[in-house]
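*Asks:* One structure follows; several queries about it will come next.
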Amino acid sequence: MAFAASTFAVEVGKPAPDLTGTDINGKTVHLSDFKGKIVVIESYNSDCPFCNNHYKTGAMPELQKDFATNGVAWLIVNSVNPNHPSHRTHAQAQAEMKDKNITANAWIDDSDGKIGHLYDMQTTPQMFVINKDGTLVYDGAIDDKADPFHNPKTARNYVKEAVNDLLTGKPVEVSQTKSYGCSVKYAE
Amino acid sequence: MRFYRIVFAICFCVAANVCQTQAQTGLPSLGGSLSAHHTSVKLILSADTAKPGDTIWAGVDLKMEPGWHTYWKNSGDAGMPTKIQWQLPSGVTAGEIQWPLPEKLPPAEVTTYGYETETMLLVPLTIETNSNLPMGQVDVKANVSWLECKDVCIPANQEVDAKLNISSETKISANAATIVGWKNKVPTSFTNAFSVRAWWEKFSTNDSRPLVIEFSPQVITVAIVYTNPDFYPKASDQFEIQSATEKINAWDLRKLVKKYSGNWPKEISGVLVVEQGGRRLGFDVTVPIADESPTDETISSTENSPSMLSAPSLWQMLLYAFIGGLILNIMPCVLPVIALKILGFVSEARSEPRRVRNLGFIYALGVLVSFLAMAGIVIAVKDAGHHAGWGMQFGNPIFVVCLTTLVLLVALNLFGVYEISPSGKILNSAGQLASKHGAPGAFFNGFLATILSTSCTAAYLGYAIGFALSHSAPVIVLIFLTVGLGLAAPYVLLSCNPALLKFLPKPGPWMQKFKIAVGFPVLATVIWLFNVAASDYGARVFWLGAFLVVVAFAAWIFGEFVQRGKRKGISLAIVLILLVGDYLFALENKLHWREMISDADATTSLVNSADGINWQPWSPQAVAQARAAGKPVFVDFTATWCVNCNAIVKPALEKDSVIAKLKEMNAVVLLADYTRTPPEMTDEISKYGAGVPMVLIFPKNPDAAPIVLPQPSPLQLPSSYAKTISDALDRAAK
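Line order of the protein sequences matches chains A and B.
For the first sequence, the working numbering begins at 1 and goes up steadily by one.
For the second sequence, the working numbering begins at 189 and goes up steadily by one.
So, in structure tokens, the structure goes:
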């Protein structure tokens, strides 16, 4: 059973599966809403020290802001199940977005894990980059330092590289890495 | 409920705060000031004092609170391996971390490899020979950083230190044994127990590709004793071997490999994990990946035909159990019962065929009921969390005393001291003798045969019992009953075919003499059991002898005056008084039959046997230490009650050729005395077989697997077994 589940629905070089979810403002979000745009998907849980490190150091908000000015869409997917202490109600999430200085087109409440499983998200953070045609071009870690204490600004940021490659019309150099971080807190 | 929630929320906030503070500084905070983490860490060393040139072991002990875990060197789908940053005086260098075997931690969708409760990361520290390290105390320090997770993950770190004296000698520390204990949990190479192959199952156009890993056990006990294989891969940046394992058959695994960059890997590296009676063991494996599955003929021998080694089936083990039971009939420990059975056949030879057949079945029933009872005891022992073994009841002194007394009574009965028949008359005619060997007698013989047989193991039997002990209750019952069927089969067969008994002479007065003659092998069994008791009681065993003499005397009064005499009442009273008095005085007051002498007193007598070999007592630590020192290790698992140990293995070991070879190899020779069936020994024995005799030879190469010597066959001469030992020693010396 578990084995069948790990034959991947997501595959780099193939169309990214369309996702549908509700954001923390109650709005329905589809991946197809962003057709024609580069989309970054972030598997998120700020209680996870690996995620937290990227926000505390300001690296992630900076990247988000930078991308937003270049017309890149950013979707946050939070798959923490409702019984977990790290779960956020919509009100808490709205506050957290301000507090952590997050710039994103949507924070999708995936507490039933549907999108997480569709994209085979295993860790927080885990990053996906989708090009303007809707093809998945990157799946993996945010950067090359699997450490909750490192300075992200000195690390090699694969998402930044992939998006820059796309923006400059080059093929994406690193399209897959092993993601690192905390396990996604799906319901048992 | 609400209260707990609040408490939990507070704890969580504290924990979250801590990691925020650390994250803000961007650097791990030093010192043991963290009170919020859920793992306590300490550093221990295998030596208090070391000299230049030594390599000692450092152990970083991580104790996790319930529910929390830390990670292995490959943390799996999430998590982070624990790191150790050493701060060592110059002249001391640290090697790589040796990681104890981790567990696979759920959930299945994000599987990680880690440790719950406790682990100890082991690191070799080498003190350089030509270092200018001053003599005296030095500080061994390290910063340990780890990620601990339960519902949430918390990164933490702690400074640990320990003191080491540099001197001109080596002194091991009080922690050395703990370190050796953890060292035993680090996966070892086990190359000659398994042969390993791996191949891609198909081509792949995308980034995931199925891989088949095939483990072929090279020794049959390996295939039987170990179950549930799995493979924990080494971490790689280029690819990931998914944690989910699909079993193609007992020893072939399918794993999905996900590639991140570069080419498909050419080899895989990781740990083969197997279970053995509730315990898990790991073996390091590195193997090239073939582009295609092996050619057809090799596949057919491993996959299609049920190869003996790749997957022992229940059917095969039942066959082994049956053959093992059959062979038990000619083992020396069952010999006296054979004598009784021959007597039975002789006396029944001219009876009605139906009666003969019925007695044969009743004998079989006696055997089967006894085996069923034994299976029940084994299951109960297993359920209680202990390791069960064949013949373990001989480790219980009360059992040995009862059995000795019982067998003595059988001998006295054969000598005609007393009768079992109700009339109590001396039995002269065949008919009378037959009536005596009626149904209860046949049942009793079945019981006696079973009890005595458990002190022996036989070819095939070890495999079957080993298989049973590592499986569930129904399998144990099935295998034990099948051994019983094998043990009873020859007699059932003979009873059902009276024609086969035609060769027996006509019954007559000679049978009375024959009966007495049969008593002597039974008496020999009494002496053997007495010798077993001697190792339990030491010098106190004298009182068991005294007890038996009085029992014999009481039996004679019973036969002569109760059964055959006139003053039955008073005679019976005397018998009872004698027995009660004998029990209270000899067994309770003098022998203290419920208490064995201490282990130390018991083993010295065995260890100092004057056979020219410097025997040392066995312990897992003794083996580990000798291997660490690069010496071959020879272990003889033996027991006073084990007939083949004393009749075949011991004389073989005393041969000059074997002694010379052991000395020449500079082998550490360990004696594992299983007479009292200590549990750690049962553990070790069940790793390689089912019972004693068992001889293990650990080769000089500390990574090589031990050689398990084949069990001696019952009719083997010690000189031929000595040859077997010598050949194995030659292999081990390489």
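For each residue, glycine too, the CB sits at the ideal point set by N, CA and C.
For clarity, every value in this text was computed on a predicted model and none was experimentally measured.
Of all the CB atoms in chain B, is at least one closer than 9 Å to the CB of V202 (chain A)?
*Replies:* This structure does not reach residue 202 (chain A), given that chain A is present from 1 up to 188, and the question cannot be answered.
*Asks:* So that I know if they touch, is there some Cβ in chain A lying closer than 9 Å to that of Y448 (chain B)?
*Replies:* Answer yes: the Cβ-Cβ gap between Y448 (chain B) and chain A drops below 9 Å somewhere.
*Asks:* The alpha helix (DSSP H) with R815 (chain B) in it runs from where to where?
*Replies:* First-last of the alpha helix (DSSP H) with R815 (chain B): 808-816.
*Asks:* Closer than 6 Å by C-beta to K570 (chain B): which residues in its own chain qualify, once you throw out the five before and the five after it? Chain order, please.
*Replies:* Correct list, in chain order: A576.
*Asks:* Which two residues bound the contiguous beta strand (DSSP E) that contains P417 (chain B)?
*Replies:* Taken as a continuous stretch (DSSP letters only), the beta strand (DSSP E) holding P417 (chain B) covers 415-421.
*Asks:* What are the boundary residues of the beta strand (DSSP E) that includes G140 (chain A)?
*Replies:* First-last of the beta strand (DSSP E) with G140 (chain A): 136-140.
*Asks:* According to a CB-to-CB cut-off of less than 9 Å, which residues of the segment 173-185 of chain A neighbour chain B?
*Replies:* So the close ones are V174, S175, Q176, T177, K178, S179, Y180, G181, C182, S183, V184, K185.
*Asks:* Along the chain, where does the beta strand (DSSP E) that runs through R467 (chain B) open and close?
*Replies:* Note, R467 (chain B): beta strand (DSSP E), 467-478.
*Asks:* Leaving out five residues on either side along the sequence, give the residues of the same chain with a beta carbon under 6 Å from the beta carbon of V39 (chain A).
*Replies:* Cβ within range, chain order: A73, I130.
*Asks:* Between the beta-carbon of K778 (chain B) and the beta-carbon of W731 (chain B), is there less than 9 Å?
*Replies:* Going by C-beta atoms, K778 (chain B) is nearer than 9 Å to W731 (chain B).
*Asks:* Taking the C-alpha atoms as reference points, what is the distance between I873 (chain B) and M580 (chain B)?
*Replies:* Looking at the two C-alpha atoms, the distance is approximately 12 Å.
*Asks:* Looking only at C-alpha atoms, which of B:Q899, B:L523, B:S263, B:N394 sits nearest to G879 (chain B)?
*Replies:* Comparing Cα-Cα distances from G879 (chain B) to each of B:Q899, B:L523, B:S263, B:N394, the minimum goes to B:Q899.
*Asks:* Between L215 (chain B) and the rest of its own chain, which residues show a CB-CB distance below 8 Å, the 5 nearest in sequence each way excluded?
*Replies:* Because the pLDDT of L215 (chain B) is 38, which lies under 50, any placement of that residue in the model is unreliable, and the number read from its coordinates should be weighed accordingly. Excluding residues within five positions, none has a Cβ falling inside 8 Å.
*Asks:* Taking all protein chains shown into account, decide if V750 (chain B) is buried (16 or more other Cβ within 10 angstroms of its Cβ) or exposed.
*Replies:* It is buried - the Cβ of V750 (chain B) has at least 16 other Cβ atoms within 10 Å.
*Asks:* For the segment 81-93 of chain A, which residues have a CB atom closer than 8 Å to at least one CB atom of chain B, in sequence order?
*Replies:* Residues H84, P85, S86.
*Asks:* In the structure shown, what three-state DSSP assignment does Q899 (chain B) receive?
*Replies:* Here Q899 (chain B) sits in coil by DSSP.
*Asks:* Would you say G21 (chain A) and N394 (chain B) are within 9 Å of each other, going by their C-beta atoms?
*Replies:* Their beta carbons are not under 9 Å apart, which means G21 (chain A) does not touch N394 (chain B) by this criterion.
*Asks:* Assign R542 (chain B) to one of two classes, buried (16 or more other C-beta atoms within 10 Å of its C-beta) or exposed (fewer than that).
*Replies:* Flag for R542 (chain B) reads exposed.
*Asks:* From this set, B:G696, B:A761, B:A774, which residue's C-alpha is nearest G733 (chain B)'s C-alpha?
*Replies:* The residue with the shortest Cα to Cα distance from G733 (chain B) is B:A774.
*Asks:* Taking the C-alpha atoms as reference points, what is the distance between I108 (chain A) and K185 (chain A)?
*Replies:* Cα to Cα, I108 (chain A) sits roughly 15 Å from K185 (chain A).
*Asks:* Is the Cβ of A386 (chain B) closer than 9 Å to any Cβ of chain A?
*Replies:* Cβ-Cβ to chain A under 9 Å: no for A386 (chain B).
*Asks:* From which residue to which residue does the beta strand (DSSP E) around C337 (chain B) run?
*Replies:* Per DSSP, C337 (chain B) belongs to the beta strand (DSSP E) from 324-337.
*Asks:* Ordered along the chain, which non-local residues of its own chain (more than five positions away) have a Cβ less than 6 Å from that of P906 (chain B)?
*Replies:* The answer, listed in chain order, is I836, P839, A840.
*Asks:* List the endpoints of the continuous beta strand (DSSP E) containing Y301 (chain B).
*Replies:* Its beta strand (DSSP E) spans residues 300-304.
*Asks:* I'd like the list of long-range same chain contacts for W744 (chain B), defined as Cβ closer than 6 Å, with 5 residues on each side in sequence excluded.
*Replies:* V605.
*Asks:* So which residues on chain A does A266 (chain B) lean against when the C-beta distance must stay under 7 Å?
*Replies:* Going along chain A in sequence order, the residues near A266 (chain B) (Cβ under 7 Å) are Q122, T123, G181, C182, S183.
*Asks:* If you run the structure through DSSP and keep just helix, strand and coil, what is S356 (chain B)?
*Replies:* Three-state DSSP puts S356 (chain B) in coil, outside helix and strand.
*Asks:* Starting from I608 (chain B) and walking both ways along the alpha helix (DSSP H), at which residues does that stretch end?
*Replies:* Note, I608 (chain B): premise wrong, no alpha helix (DSSP H); not H, not E.
*Asks:* Beta-carbon within less than 8 Å of T135 (chain A)'s beta-carbon, same chain only, minus the 5 sequence neighbours each way: which residues are those?
*Replies:* These residues qualify, in order along the chain: G13, K14, P15, A16.
*Asks:* Tell whether a beta-carbon distance below 9 Å holds between T305 (chain B) and K251 (chain B).
*Replies:* The answer is yes: Cβ separation under 9 Å.
*Asks:* Where does S793 (chain B) fall in DSSP's three states?
*Replies:* Its pLDDT being 44, under 50, S793 (chain B) is placed unreliably in this model, and the value from its coordinates should be taken loosely. Three-state DSSP puts S793 (chain B) in a helix.
*Asks:* From this set, B:V665, B:V706, B:I762, B:N546, which residue's C-alpha is nearest N685 (chain B)'s C-alpha?
*Replies:* Out of B:V665, B:V706, B:I762, B:N546, B:N546 has the C-alpha closest to the C-alpha of N685 (chain B).
*Asks:* Kindly identify the DSSP beta-bridge partner or partners of I130 (chain A).
*Replies:* I130 (chain A) pairs with A:V39, A:L136.
*Asks:* With distances taken Cα to Cα, identify the nearest neighbour of T358 (chain B) among B:C341, B:K529, B:G324.
*Replies:* Of the candidates B:C341, B:K529, B:G324, the one whose C-alpha sits nearest the C-alpha of T358 (chain B) is B:G324.
*Asks:* Could you tell me the alpha carbon to alpha carbon distance between P709 (chain B) and F582 (chain B), rounded to whole angstroms?
*Replies:* Straight-line Cα distance between these residues: approximately 20 Å.
*Asks:* Applying the 10 Å Cβ sphere with the 16-neighbour rule, what's the burial state of D918 (chain B)?
*Replies:* Exposed, by the Cβ-count rule.
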